[in-house]
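Heads up, the sequence shown is in the working numbering, so the first residue is 258 and it goes up one at a time.
Structure first, commentary second.
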Amino acid sequence: MYFPSNSTIKECKEFYKNLHNESNDMHSLEEFTADKWADFDLLGVEGEYISFTNQFCYLGTIISSDLTDDADISRRIQQASKAFGSLSAGVFCNRKHLNPNIRRRLFSAIVINLLLWGCETWALTSKH
């Protein structure tokens, strides 16, 4: 059986006192925001607060708070469309100067690569 020493009890009391003070700090931060759920959107680490975000980009992939891949898939389609649009007049529609084999390789290397980057981790649903 373990019996805590007086110093351990003192440390526990100090910990709970600090925890209570941090809790009060969180409530004072809430009044500065319009969102009533603001206390859930902040994470305190060593006296600094980290805010919550709905999505962020990590290694080229968009991670969203709802854990779906919709934002990442939309972004990939948008990037591939932009690349195709910028290359269409000079490369893909220029039948005189470029061999069709070269155009096919450029399309595969640039547009398809932008579109399918990271697709092996997508969890596709029926709406995709």
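Where is the CB? At the ideal position from N, CA and C, for every residue including glycine.
Keep in mind the model is a prediction, meaning the values are calculated, not measured.
Checklist entry - What is the DSSP secondary structure of T310, counted as helix, strand or coil? => result coil
Checklist entry - I334 lies in the alpha helix (DSSP H); which residues open and close that run? => result D327 to L344
Checklist entry - Between the Cα of R361 and the Cα atoms of L373, W374, S345 and G375, which residue gives the shortest distance? => result S345
Next on the checklist: Less than 8 angstroms between the beta carbons of L371 and A340, yes or no?
Outcome noted: yes
Item to check | N-terminal and C-terminal residue of the alpha helix (DSSP H) that I359 is part of | outcome: P357 to L363
Checklist entry - Straight-line CA distance for E271 to F313? => result 37 angstroms
Checklist entry - According to DSSP, is T378 helix, strand or coil? => result helix
Checklist entry - At which residues does the beta strand (DSSP E) containing I319 begin and terminate? => result T318 to S321
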